[in-house]
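Undergrad: Input: one structure, supplied below.
Numbering (this note's numbering), first residue to last: 9 to 306.
Structure follows, in C-alpha coordinates:
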(Lines of atoms letter the chains of each structure in order from A and count residues from 1; the text may use other names and numbers.)
(Lines give C-alpha, C1' and ligand atoms only; values in the text may rest on other atoms or scores of the structure.)
Protein backbone atom coordinates (compact mmCIF):
# COMPACT_ATOMS: atom_id res chain seq x y z
CA UNK A 1 0.00 0.00 0.00
CA UNK A 2 2.83 2.39 0.89
CA UNK A 3 4.57 1.61 -2.42
CA UNK A 4 1.33 2.38 -4.29
CA UNK A 5 0.93 5.71 -2.47
CA UNK A 6 4.55 6.61 -3.18
CA UNK A 7 4.01 5.79 -6.85
CA UNK A 8 0.87 7.93 -7.01
CA UNK A 9 2.64 10.82 -5.29
CA UNK A 10 5.58 10.54 -7.68
CA UNK A 11 3.33 10.49 -10.75
CA UNK A 12 1.21 13.30 -9.36
CA UNK A 13 4.32 15.43 -8.81
CA UNK A 14 5.53 14.60 -12.31
CA UNK A 15 2.22 15.61 -13.91
CA UNK A 16 2.11 18.76 -11.80
CA UNK A 17 5.62 19.68 -12.95
CA UNK A 18 4.68 19.21 -16.60
CA UNK A 19 1.56 21.36 -16.10
CA UNK A 20 3.67 24.10 -14.47
CA UNK A 21 6.06 24.04 -17.44
CA UNK A 22 3.19 24.32 -19.93
CA UNK A 23 1.62 27.18 -17.96
CA UNK A 24 5.02 28.90 -17.84
CA UNK A 25 5.35 28.46 -21.61
CA UNK A 26 1.92 30.04 -22.10
CA UNK A 27 2.90 32.95 -19.86
CA UNK A 28 6.10 33.53 -21.86
CA UNK A 29 4.13 33.22 -25.10
CA UNK A 30 1.64 35.85 -23.97
CA UNK A 31 4.43 38.11 -22.68
CA UNK A 32 6.15 37.90 -26.07
CA UNK A 33 2.88 39.08 -27.66
CA UNK A 34 3.37 40.86 -30.98
CA UNK A 35 6.85 42.00 -30.00
CA UNK A 36 8.87 38.75 -30.11
CA UNK A 37 9.01 38.61 -33.00
CA UNK A 38 7.37 41.71 -34.42
CA UNK A 39 4.99 40.88 -37.33
CA UNK A 40 7.05 40.18 -40.44
CA UNK A 41 6.67 39.47 -44.14
CA UNK A 42 6.87 35.67 -43.94
CA UNK A 43 3.73 35.58 -41.81
CA UNK A 44 1.78 37.42 -44.53
CA UNK A 45 2.87 34.82 -47.08
CA UNK A 46 1.25 32.02 -45.06
CA UNK A 47 -1.58 33.77 -43.23
CA UNK A 48 -3.18 35.55 -46.19
CA UNK A 49 -3.59 32.28 -48.17
CA UNK A 50 -5.25 30.80 -45.06
CA UNK A 51 -7.58 33.80 -44.78
CA UNK A 52 -8.53 33.38 -48.45
CA UNK A 53 -9.17 29.69 -47.87
CA UNK A 54 -11.46 30.58 -44.96
CA UNK A 55 -13.32 33.34 -46.79
CA UNK A 56 -13.20 32.37 -50.47
CA UNK A 57 -12.14 28.67 -50.60
CA UNK A 58 -9.05 29.47 -52.68
CA UNK A 59 -5.30 29.73 -52.14
CA UNK A 60 -5.12 32.68 -54.53
CA UNK A 61 -3.75 35.58 -52.50
CA UNK A 62 -4.20 38.94 -54.27
CA UNK A 63 -2.98 40.78 -51.16
CA UNK A 64 0.52 39.45 -51.89
CA UNK A 65 0.51 38.71 -55.63
CA UNK A 66 -2.58 39.80 -57.62
CA UNK A 67 -1.27 38.10 -60.80
CA UNK A 68 -0.84 34.46 -59.79
CA UNK A 69 -0.86 31.91 -56.96
CA UNK A 70 2.00 31.80 -54.46
CA UNK A 71 3.94 28.58 -55.09
CA UNK A 72 7.11 29.00 -53.07
CA UNK A 73 6.07 26.58 -50.29
CA UNK A 74 3.71 23.59 -50.03
CA UNK A 75 0.27 24.71 -48.84
CA UNK A 76 -0.55 22.27 -45.99
CA UNK A 77 0.00 24.83 -43.22
CA UNK A 78 -2.19 27.43 -44.92
CA UNK A 79 -4.87 24.83 -45.62
CA UNK A 80 -5.00 23.64 -42.00
CA UNK A 81 -4.97 27.21 -40.74
CA UNK A 82 -7.68 28.18 -43.24
CA UNK A 83 -9.88 25.36 -41.96
CA UNK A 84 -9.51 26.66 -38.40
CA UNK A 85 -10.23 30.22 -39.51
CA UNK A 86 -13.54 29.09 -40.99
CA UNK A 87 -14.64 28.53 -37.40
CA UNK A 88 -12.65 31.13 -35.42
CA UNK A 89 -12.35 34.76 -36.60
CA UNK A 90 -8.87 35.76 -37.77
CA UNK A 91 -6.43 37.65 -35.61
CA UNK A 92 -2.65 37.46 -35.70
CA UNK A 93 -2.59 36.68 -31.98
CA UNK A 94 -4.89 33.69 -32.48
CA UNK A 95 -2.86 32.39 -35.43
CA UNK A 96 0.28 32.60 -33.32
CA UNK A 97 -1.56 30.77 -30.54
CA UNK A 98 -1.97 27.84 -32.94
CA UNK A 99 1.81 27.71 -33.34
CA UNK A 100 2.12 27.67 -29.56
CA UNK A 101 -0.27 24.71 -29.36
CA UNK A 102 1.97 22.91 -31.87
CA UNK A 103 5.02 23.49 -29.65
CA UNK A 104 3.12 22.03 -26.68
CA UNK A 105 2.17 18.96 -28.73
CA UNK A 106 5.84 18.76 -29.73
CA UNK A 107 6.85 18.92 -26.06
CA UNK A 108 4.46 16.11 -25.13
CA UNK A 109 5.72 14.11 -28.11
CA UNK A 110 9.31 14.56 -26.96
CA UNK A 111 8.39 13.32 -23.49
CA UNK A 112 6.82 10.20 -25.00
CA UNK A 113 9.66 9.71 -27.48
CA UNK A 114 12.40 10.01 -24.85
CA UNK A 115 10.67 8.36 -21.88
CA UNK A 116 12.61 5.11 -22.21
CA UNK A 117 16.01 6.70 -22.84
CA UNK A 118 16.69 8.05 -19.34
CA UNK A 119 15.02 8.45 -15.93
CA UNK A 120 11.78 10.35 -16.48
CA UNK A 121 12.80 13.34 -14.37
CA UNK A 122 15.88 13.87 -16.52
CA UNK A 123 13.73 13.65 -19.67
CA UNK A 124 11.22 16.17 -18.30
CA UNK A 125 13.97 18.54 -17.20
CA UNK A 126 15.79 18.64 -20.52
CA UNK A 127 12.62 18.72 -22.67
CA UNK A 128 11.31 21.57 -20.50
CA UNK A 129 14.56 23.51 -20.93
CA UNK A 130 14.06 23.38 -24.70
CA UNK A 131 10.39 24.31 -24.51
CA UNK A 132 11.13 27.37 -22.39
CA UNK A 133 14.19 28.43 -24.43
CA UNK A 134 13.91 31.59 -26.51
CA UNK A 135 14.07 29.73 -29.85
CA UNK A 136 10.98 27.68 -29.00
CA UNK A 137 9.16 30.71 -27.59
CA UNK A 138 9.72 32.47 -30.92
CA UNK A 139 8.76 29.35 -32.94
CA UNK A 140 5.55 29.11 -30.91
CA UNK A 141 4.83 32.79 -31.46
CA UNK A 142 5.25 32.99 -35.23
CA UNK A 143 2.59 32.41 -37.87
CA UNK A 144 4.72 29.99 -39.85
CA UNK A 145 4.75 26.26 -40.39
CA UNK A 146 7.91 25.45 -38.40
CA UNK A 147 6.18 24.47 -35.14
CA UNK A 148 3.60 22.37 -36.98
CA UNK A 149 6.28 20.55 -38.99
CA UNK A 150 8.33 19.81 -35.85
CA UNK A 151 5.23 18.47 -34.14
CA UNK A 152 4.46 16.11 -37.03
CA UNK A 153 8.01 14.72 -37.32
CA UNK A 154 8.28 14.16 -33.57
CA UNK A 155 5.06 12.15 -33.37
CA UNK A 156 5.95 10.35 -36.60
CA UNK A 157 9.23 9.16 -35.10
CA UNK A 158 7.52 8.28 -31.86
CA UNK A 159 5.23 5.93 -33.79
CA UNK A 160 8.18 4.57 -35.78
CA UNK A 161 10.18 3.67 -32.67
CA UNK A 162 7.09 2.06 -31.12
CA UNK A 163 6.84 -0.31 -34.09
CA UNK A 164 3.91 1.45 -35.82
CA UNK A 165 5.91 1.83 -39.01
CA UNK A 166 3.04 2.24 -41.48
CA UNK A 167 1.17 4.80 -39.38
CA UNK A 168 4.52 6.50 -38.78
CA UNK A 169 5.25 6.73 -42.50
CA UNK A 170 1.76 8.13 -43.10
CA UNK A 171 2.40 10.88 -40.50
CA UNK A 172 5.91 11.60 -41.75
CA UNK A 173 4.82 11.70 -45.39
CA UNK A 174 2.57 14.63 -44.52
CA UNK A 175 5.49 16.74 -43.31
CA UNK A 176 6.95 17.64 -46.75
CA UNK A 177 3.56 19.18 -47.54
CA UNK A 178 3.97 21.32 -44.41
CA UNK A 179 7.67 22.13 -44.94
CA UNK A 180 10.01 20.62 -47.57
CA UNK A 181 12.61 19.77 -44.92
CA UNK A 182 10.18 17.12 -43.68
CA UNK A 183 11.53 15.02 -46.55
CA UNK A 184 14.78 14.55 -44.59
CA UNK A 185 12.84 12.73 -41.84
CA UNK A 186 10.90 10.64 -44.35
CA UNK A 187 14.11 9.41 -46.02
CA UNK A 188 15.69 8.71 -42.63
CA UNK A 189 12.62 6.76 -41.48
CA UNK A 190 12.61 4.67 -44.65
CA UNK A 191 16.31 3.96 -44.14
CA UNK A 192 15.69 2.96 -40.53
CA UNK A 193 12.86 0.59 -41.50
CA UNK A 194 15.00 -0.96 -44.23
CA UNK A 195 18.05 -1.49 -42.01
CA UNK A 196 16.35 -2.48 -38.74
CA UNK A 197 12.98 -3.95 -39.63
CA UNK A 198 13.03 -5.27 -43.20
CA UNK A 199 13.23 -8.90 -41.96
CA UNK A 200 10.02 -8.42 -39.98
CA UNK A 201 7.98 -6.46 -42.53
CA UNK A 202 4.37 -7.54 -42.91
CA UNK A 203 1.64 -6.31 -45.18
CA UNK A 204 -0.11 -3.27 -43.72
CA UNK A 205 -3.55 -3.65 -42.19
CA UNK A 206 -6.60 -2.06 -43.74
CA UNK A 207 -6.37 0.99 -41.49
CA UNK A 208 -2.62 1.34 -42.14
CA UNK A 209 -3.15 1.05 -45.89
CA UNK A 210 -5.95 3.60 -45.76
CA UNK A 211 -3.80 6.11 -43.87
CA UNK A 212 -1.00 5.86 -46.43
CA UNK A 213 -3.43 6.05 -49.36
CA UNK A 214 -4.98 9.23 -47.91
CA UNK A 215 -1.54 10.86 -47.65
CA UNK A 216 -0.61 9.75 -51.18
CA UNK A 217 -3.91 11.24 -52.36
CA UNK A 218 -2.86 14.55 -50.76
CA UNK A 219 0.38 14.40 -52.74
CA UNK A 220 -1.52 13.76 -55.96
CA UNK A 221 -3.72 16.78 -55.30
CA UNK A 222 -0.64 18.90 -54.63
CA UNK A 223 0.98 17.70 -57.86
CA UNK A 224 -2.17 18.62 -59.78
CA UNK A 225 -2.11 22.05 -58.13
CA UNK A 226 1.56 22.49 -59.09
CA UNK A 227 0.91 21.48 -62.71
CA UNK A 228 -1.98 23.93 -62.92
CA UNK A 229 0.40 26.72 -61.85
CA UNK A 230 3.62 25.36 -63.33
CA UNK A 231 5.11 28.67 -64.48
CA UNK A 232 4.64 30.29 -61.08
CA UNK A 233 6.01 27.16 -59.38
CA UNK A 234 9.22 27.27 -61.46
CA UNK A 235 9.67 30.98 -60.78
CA UNK A 236 9.20 30.59 -57.02
CA UNK A 237 11.45 27.51 -56.82
CA UNK A 238 14.20 29.36 -58.70
CA UNK A 239 13.88 32.20 -56.19
CA UNK A 240 14.06 29.75 -53.27
CA UNK A 241 17.11 27.92 -54.62
CA UNK A 242 18.99 31.14 -55.34
CA UNK A 243 18.17 32.45 -51.88
CA UNK A 244 19.33 29.28 -50.13
CA UNK A 245 22.50 28.90 -52.20
CA UNK A 246 23.50 32.49 -51.46
CA UNK A 247 23.64 31.77 -47.71
CA UNK A 248 26.81 30.63 -45.99
CA UNK A 249 25.00 27.98 -43.99
CA UNK A 250 28.06 26.53 -42.26
CA UNK A 251 29.25 29.91 -41.08
CA UNK A 252 25.81 30.84 -39.75
CA UNK A 253 25.44 27.42 -38.15
CA UNK A 254 28.75 27.57 -36.31
CA UNK A 255 28.28 31.17 -35.23
CA UNK A 256 25.81 29.76 -32.66
CA UNK A 257 27.68 28.47 -29.55
CA UNK A 258 24.96 25.92 -28.78
CA UNK A 259 25.08 24.51 -32.31
CA UNK A 260 28.88 24.31 -32.17
CA UNK A 261 28.65 22.36 -28.92
CA UNK A 262 26.06 19.96 -30.37
CA UNK A 263 28.11 19.47 -33.53
CA UNK A 264 31.04 18.32 -31.38
CA UNK A 265 29.01 16.31 -28.87
CA UNK A 266 26.72 14.49 -31.29
CA UNK A 267 29.33 12.38 -33.15
CA UNK A 268 30.70 11.31 -29.75
CA UNK A 269 27.21 10.47 -28.48
CA UNK A 270 26.31 8.54 -31.64
CA UNK A 271 29.55 6.55 -31.56
CA UNK A 272 29.18 5.74 -27.86
CA UNK A 273 25.55 4.73 -28.33
CA UNK A 274 26.31 2.49 -31.31
CA UNK A 275 29.02 0.72 -29.28
CA UNK A 276 27.52 0.47 -25.80
CA UNK A 277 23.81 1.45 -25.94
CA UNK A 278 22.48 0.36 -29.36
CA UNK A 279 18.86 0.57 -28.16
CA UNK A 280 19.29 4.35 -27.71
CA UNK A 281 20.76 4.88 -31.18
CA UNK A 282 17.45 5.51 -33.05
CA UNK A 283 16.48 8.37 -30.73
CA UNK A 284 19.92 9.93 -31.07
CA UNK A 285 19.63 9.52 -34.83
CA UNK A 286 16.36 11.48 -34.70
CA UNK A 287 18.20 14.23 -32.83
CA UNK A 288 21.03 14.23 -35.36
CA UNK A 289 18.58 14.57 -38.23
CA UNK A 290 16.87 17.41 -36.39
CA UNK A 291 20.25 19.13 -36.02
CA UNK A 292 20.90 18.71 -39.74
CA UNK A 293 17.48 20.15 -40.51
CA UNK A 294 18.19 23.12 -38.27
CA UNK A 295 21.43 23.69 -40.12
CA UNK A 296 19.70 23.65 -43.49
CA UNK A 297 16.96 25.91 -42.16
CA UNK A 298 19.43 28.45 -40.76
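Glycine included, each C-beta is placed from N, C-alpha and C at the ideal position.
All values reported here derive from a predicted model rather than from experimental measurement.
Could you tell me the distance, in whole angstroms, from the CA atom of residue 108 to the CA atom of residue 167?
TA: One-based indexing of the chain shown puts residue 108 at position 100. One-based indexing of the chain shown puts residue 167 at position 159. Approximately 22 Å, taken between the alpha carbons.
Undergrad: Within this structure, are the beta carbons of residue 212 and residue 220 separated by less than 8 Å?
TA: One-based indexing of the chain shown puts residue 212 at position 204. One-based indexing of the chain shown puts residue 220 at position 212. Going by C-beta atoms, residue 212 is nearer than 8 Å to residue 220.
Undergrad: Whose C-alpha, out of 202, 195 and 188, is nearest the C-alpha of residue 82?
TA: Here residue 82 corresponds to residue number 74 of the chain shown, with the count starting at 1. The option with the nearest alpha carbon to residue 82 is 188.
Undergrad: Leaving out five residues on either side along the sequence, give the residues of the same chain with a beta carbon under 6 Å from the beta carbon of residue 62.
TA: Here residue 62 corresponds to residue number 54 of the chain shown, with the count starting at 1. Closer than 6 Å at the Cβ level, and outside the excluded window around residue 62, lie 90, 93 and 94.
Undergrad: Within a Cβ cutoff of 7 Å, which residues of the same chain sit near residue 60, ignoring the five residues on either side of it in sequence?
TA: For this step, residue 60 is matched to residue 52 along the chain shown. Answer for residue 60: 66, 67, 68 and 69, listed in chain order.
Undergrad: Short of 6 Å in beta carbon distance, which residues of its chain neighbour residue 237, apart from the five on each side in sequence? Order them along the chain.
TA: On the chain shown, position 229 is the one that residue 237 refers to. Closer than 6 Å at Cβ, skipping near neighbours: 77 and 79.
Undergrad: Within 10 angstroms of its Cβ, does residue 190 collect 16 or more other Cβ (buried), or is it exposed?
TA: Within the chain shown, numbered from 1, the residue matching residue 190 stands at position 182. Answer is buried; the Cβ neighbour count reaches 16.
Undergrad: From 271, 57 and 28, pick the residue whose C-alpha is nearest to that of residue 136; which is it?
TA: Here residue 136 refers to the residue found at position 128 of the chain shown. Among 271, 57 and 28, the Cα nearest to that of residue 136 belongs to 28.
Undergrad: Which whole-angstrom value describes the C-beta separation of residue 131 and residue 125, a residue pair presumed to lie in contact below a C-beta threshold of 8 Å?
TA: Translated into the one-based positions of the chain shown, residue 131 becomes position 123. Translated into the one-based positions of the chain shown, residue 125 becomes position 117. Sure, about 7 Å apart at Cβ, within 8 Å.
Undergrad: Taking buried to mean at least 16 other C-beta atoms within 10 Å of its own C-beta, is residue 318 buried or exposed?
TA: No information on residue 318 is available, as it lies outside the stretch 9 to 306 that the chain covers here.
Undergrad: Is DSSP giving residue 99 helix, strand or coil here?
TA: As a working note, residue 99 is residue 91 in the chain shown. Coil, per DSSP.
Undergrad: Please classify residue 32 as buried or exposed, where buried requires at least 16 other C-beta atoms within 10 Å of its C-beta.
TA: As a position in the chain shown, residue 32 is number 24, starting the count at 1. It is exposed - the Cβ of residue 32 has fewer than 16 other Cβ atoms within 10 Å.
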